[in-house]
Amino acid sequence: MAVNAKNVTDDEFFFGHKACAGCGGSLVVRQALKVLGPNAVSALPAGCMSAVGFNFPQLCFANNSVITPFAATAAVLTGIEAGLRAQGKKPDDCTVVGFAGDGGTADIGLQALSGAIDRNDDVLYICYDNEAYMNTGIQKSSLTPFGAKTTTTPAGSNVHGCLTEKKNLFEIVAAHGIPYAATASVGYIQDFMRKVEKAKSIKGTKFIHIIAPCPTGWGCAVDDTIDIAKEIVDCGLWFLAEYEGGSFKLNRDPKQFQTDSTQWGSVEHYLRRQGRFKSLTEDEVQAVVEGRDATWERLRALAGC
Amino acid sequence: MASRRFLSGDEACAEGVRLARPHVVSAYPITPQTVVVERLSEMVERGDLNAEYVHVESEHSALCCAMGASCTGARTFTATSSQGLLYMAEVLSYAAGGRFPIVMMNANRATALPWNIYGDQRDSLALLDHGWIQAYVLDNQEALDMMLMAYAIAEDPRISTPFMVNLDGFAITHTYETVEIPSQEQADEFLPPYETANRFDFENPVNMGYSAGPEYNRYYKYCAHKAMKAAESVIEETEERFAQVFGRKYPGMVEAYRCDDADYVLVTLGSIAGLARSVVDARRAEGQKVGLLRIRYMRPFPYARVAAALEGAKAFGVLEKDISFGAEGTVFTNVNSALQRAGFVMPSLNFVGGLGGDDISEADIDGMFEALASRAAGEKTCEQVVFLGVDAPWMAGKEA
Numbered sequence: 000m001a002v003n004a005k006n007v008t009d010d011e012f013f014f015g016h017k018a019c020a021g022c023g024g025s026l027v028v029r030q031a032l033k034v035l036g037p038n039a040v041s042a043l044p045a046g047c048m049s050a051v052g053f054n055f056p057q058l059c060f061a062n063n064s065v066i067t068p069f070a071a072t073a074a075v076l077t078g079i080e081a082g083l084r085a086q087g088k089k090p091d092d093c094t095v096v097g098f099a100g101d102g103g104t105a106d107i108g109l110q111a112l113s114g115a116i117d118r119n120d121d122v123l124y125i126c127y128d129n130e131a132y133m134n135t136g137i138q139k140s141s142l143t144p145f146g147a148k149t150t151t152t153p154a155g156s157n158v159h160g161c162l163t164e165k166k167n168l169f170e171i172v173a174a175h176g177i178p179y180a181a182t183a184s185v186g187y188i189q190d191f192m193r194k195v196e197k198a199k200s201i202k203g204t205k206f207i208h209i210i211a212p213c214p215t216g217w218g219c220a221v222d223d224t225i226d227i228a229k230e231i232v233d234c235g236l237w238f239l240a241e242y243e244g245g246s247f248k249l250n251r252d253p254k255q256f257q258t259d260s261t262q263w264g265s266v267e268h269y270l271r272r273q274g275r276f277k278s279l280t281e282d283e284v285q286a287v288v289e290g291r292d293a294t295w296e297r298l299r300a301l302a303g304c
Numbered sequence: 000m001a002s003r004r005f006l007s008g009d010e011a012c013a014e015g016v017r018l019a020r021p022h023v024v025s026a027y028p029i030t031p032q033t034v035v036v037e038r039l040s041e042m043v044e045r046g047d048l049n050a051e052y053v054h055v056e057s058e059h060s061a062l063c064c065a066m067g068a069s070c071t072g073a074r075t076f077t078a079t080s081s082q083g084l085l086y087m088a089e090v091l092s093y094a095a096g097g098r099f100p101i102v103m104m105n106a107n108r109a110t111a112l113p114w115n116i117y118g119d120q121r122d123s124l125a126l127l128d129h130g131w132i133q134a135y136v137l138d139n140q141e142a143l144d145m146m147l148m149a150y151a152i153a154e155d156p157r158i159s160t161p162f163m164v165n166l167d168g169f170a171i172t173h174t175y176e177t178v179e180i181p182s183q184e185q186a187d188e189f190l191p192p193y194e195t196a197n198r199f200d201f202e203n204p205v206n207m208g209y210s211a212g213p214e215y216n217r218y219y220k221y222c223a224h225k226a227m228k229a230a231e232s233v234i235e236e237t238e239e240r241f242a243q244v245f246g247r248k249y250p251g252m253v254e255a256y257r258c259d260d261a262d263y264v265l266v267t268l269g270s271i272a273g274l275a276r277s278v279v280d281a282r283r284a285e286g287q288k289v290g291l292l293r294i295r296y297m298r299p300f301p302y303a304r305v306a307a308a309l310e311g312a313k314a315f316g317v318l319e320k321d322i323s324f325g326a327e328g329t330v331f332t333n334v335n336s337a338l339q340r341a342g343f344v345m346p347s348l349n350f351v352g353g354l355g356g357d358d359i360s361e362a363d364i365d366g367m368f369e370a371l372a373s374r375a376a377g378e379k380t381c382e383q384v385v386f387l388g389v390d391a392p393w394m395a396g397k398e399a
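Protein chains in written order, with numbering that gives the first Met the number 0: chain V, 0 to 304; chain W, 0 to 399.
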């Protein structure tokens, strides 16, 4: 039977950490390790989850786990997997899994990730995307969306936050011909757990890119994390998809997005509830909507919808 | 049965690595290291080496991959040179701090700019302070033997520290010599499988490589320092054991050649010691009391041995393929520190040469001994830090 919210283990593998209230990233690590089980070996580069989880003597992983250099999550995963296999010490149910943030993946860690996918190393790479360098104090990464205020893309009268679009990491990864890649959101945790379970069953390199809201950096309430992670999917600024066997699949393909800008599920409602998008003008919000529509046109074409 | 073959330094290194039976080899090609990884790849393909060879996409990943493998208790090897070593720099401190006994071969090569593929020692000497044991070999036999000794020393539970074996680019890596290759049985007798508690454990899972605040950090650094210092005695023990198994005795952390009654001693490291030795012999034949001190280990630094070799000399010079800009050669700094600790004061000169593969001739080394004699006589014929081929006193009046 597939793992779900009812039958998932009560065992905890990531606890006692110092994550901020409402942290989406810590949910990613917690739920993924529940699905992967006690023989998972995890590796985390510099970033929020290593900063909150690895403070000697307060060590928060109940499974084997290690910190990696910032740029090298995937290379360390490769080494762990090769080392276990070469010694005949890799348990059958062992998944070697990395948890890296958006900067650690799409910026400084992209080269090592590409190398691991090229070699088709038998590892699972999970990018928890909170859309900026949150651990160092909310600086822009290449997965920061257009219009977001960060401490390095301040929103002033001249420039209204981040000027670049979110890097298309999912398709970059898929373009390698990776055995399995998926996107997810902590707002749809059942979908995420299913994808982790699926990734666990596949040999070769697996990649999951999951949106993990950060109330501290996004400027929303700490009890908004799940709701806002649902809304980013429902308003179409994020998507739930899989790439497997050379094919793209959209797990959700709404016929229509919410058009009433005052209502939950509209782009404007999603943006306006967050402090980081406060400076966006009406025109800029409209540009975000148009960008969303272009993205979905491309996604639907990729998925053959 | 041991065999004898005509091998380059890179090939000798690869043979040594094969005999050490690493589980994981992760490396990225760079001249003049490439032959090492080519030979290892062939050994894996033929089944002569039962290891996972990982084709990493950078030097940074090469060392990170080795570190990941070491976390599982695997024996690991990587090799690099020059810019590749510099690109690994941040991982050097991770590997040392995590106490992962990775063995790395470094082909000593100039660092950019100007871009230059030839040998000097600026790459590894610039990275002395990252917690790796650093050895410098003289010839191809020592390159092979050092690979086996490196694992034995690095993996000793008292040490548990990564080990960098340095071979002069081209002068050693690409020069052929007859090398005795031990049998696998001999190698296995000398080097047991790697056993460590510093690894993942599926019965009792561990968190490794964590962060430690100021209240704990100093203890980690202190322990790393003590382990490195402890390597001094382990190096000697290991060389004893090596001699018993293979019949080749190495001279410890330094090799003092005709230093006992020497008035003038030249201190150096790596392949140039071979030429310096022949100059010493020639001058000794003329009745001049000169000696050579070859430093084999720059970390841990053999303070007492260096001071003992130089005690009683009228002057010493350090010849090195390195310059710390705005200061002096790094080897010179270390040797001076050894003398200061011992309370010895004597005139000294620092000869900076061989940069970017520049030739160092017998005449140059002759000139160094002459310059030391002048210095000891109170003459100031040159600056204390001399660039060979630029402002060496024996070049006075000659075109560069």
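From the three backbone atoms N, C-alpha and C, an ideal C-beta is built for every residue, glycine too.
Buried/exposed call for residue i, threshold 16 Cβ in 10 Å
i         : result
CYS222(W) : exposed
VAL344(W) : exposed
ALA399(W) : Interpretation of ALA399(W) is limited by its pLDDT of 49, a score under 50 that renders its predicted location unreliable; the figure taken from the coordinates is listed afterwards. Exposed, since its Cβ has fewer than 16 Cβ neighbours within 10 Å.
LEU239(V) : buried
MET0(W)   : exposed
VAL317(W) : buried
GLU11(V)  : exposed
GLY23(V)  : buried
TRP114(W) : exposed
ALA300(V) : exposed
GLY146(V) : buried
GLN30(V)  : buried
ASP328(V) : Since the first and last residues shown for chain V are 0 and 304, residue 328(V) lies out of range.
GLU285(W) : exposed
ASN49(W)  : exposed
Whole-Å CB distance - residue i paired with residue j, under 8 Å assumed
i         : j         : result
ILE116(W) : PRO204(W) : At roughly 45 Å, the Cβ-Cβ gap does not stay under 8 Å, so ILE116(W) and PRO204(W) are not in contact.
THR71(W)  : LEU83(V)  : 5 Å
HIS208(V) : CYS126(V) : 5 Å
VAL232(V) : GLY290(V) : Contact doesn't hold; Cβ gap of about 16 Å is too wide.
ASP390(W) : GLY269(W) : The pair is not a contact, with the Cβ atoms about 23 Å apart (cut-off 8 Å).
GLY353(W) : ILE171(W) : Contact flag wrong, Cβ pair sits at about 13 Å.
ASP260(W) : LYS225(W) : The pair is not a contact, with the Cβ atoms about 36 Å apart (cut-off 8 Å).
VAL437(W) : MET146(W) : Any question about residue 437(W) goes unanswered here, given that chain W covers just 0 to 399.
PHE189(W) : PRO90(V)  : Contact flag wrong, Cβ pair sits at about 32 Å.
GLU369(W) : TRP393(W) : 7 Å
CB of residue i within 8 Å of CB of residue j, strictly
i         : j         : result
MET163(W) : VAL75(V)  : no
ARG283(W) : THR267(W) : no
ALA78(W)  : HIS129(W) : no
TYR302(W) : ALA337(W) : yes
ALA105(V) : SER140(V) : yes
ALA111(W) : GLN82(W)  : yes
ARG199(W) : VAL40(V)  : The question names Arg, but residue 199(W) is Phe in the sequence shown. In contact: PHE199(W) and VAL40(V) (Cβ atoms closer than 8 Å).
GLY208(W) : VAL65(V)  : yes
TRP217(V) : SER184(V) : no
THR143(V) : THR149(V) : yes
ALA81(V)  : ALA68(W)  : yes
VAL195(V) : CYS234(V) : no
TYR150(W) : ARG74(W)  : yes
ALA230(W) : ILE322(W) : no
ALA255(W) : GLY311(W) : no
GLU154(W) : TYR218(W) : no
Residue i: CB within 7 Å of a non-hydrogen atom of the ligand HEM
i         : result
TRP295(V) : Questions concerning the ligand HEM fall outside what the structure shown contains, since it holds no ligand whatsoever.
Those residues which DSSP pairs with residue i across a bridge
i         : result
GLN57(V)  : ASN54(V)
ARG298(W) : GLN133(W)
ALA272(W) : None, per the DSSP bridge assignment.
ASP167(W) : ASN107(W)
ILE207(V) : ILE125(V), ALA181(V)
SER347(W) : PHE315(W)
ALA26(W)  : HIS54(W)
VAL207(W) : A quick correction: the sequence has Met, not Val, at residue 207(W). Paired residues: VAL65(V).
SER2(W)   : ILE180(W)
Considering only residues of the region 213 to 272 of chain W, which uninterrupted beta strand (DSSP E) runs meet the minimum length of 3 residues and lie entirely inside it, listed in chain order?
253 to 256, 263 to 267
Could you pull out every unbroken beta strand (DSSP E) segment of at least 3 residues lying fully inside the region 13 to 45 of chain V, listed in chain order?
40 to 44
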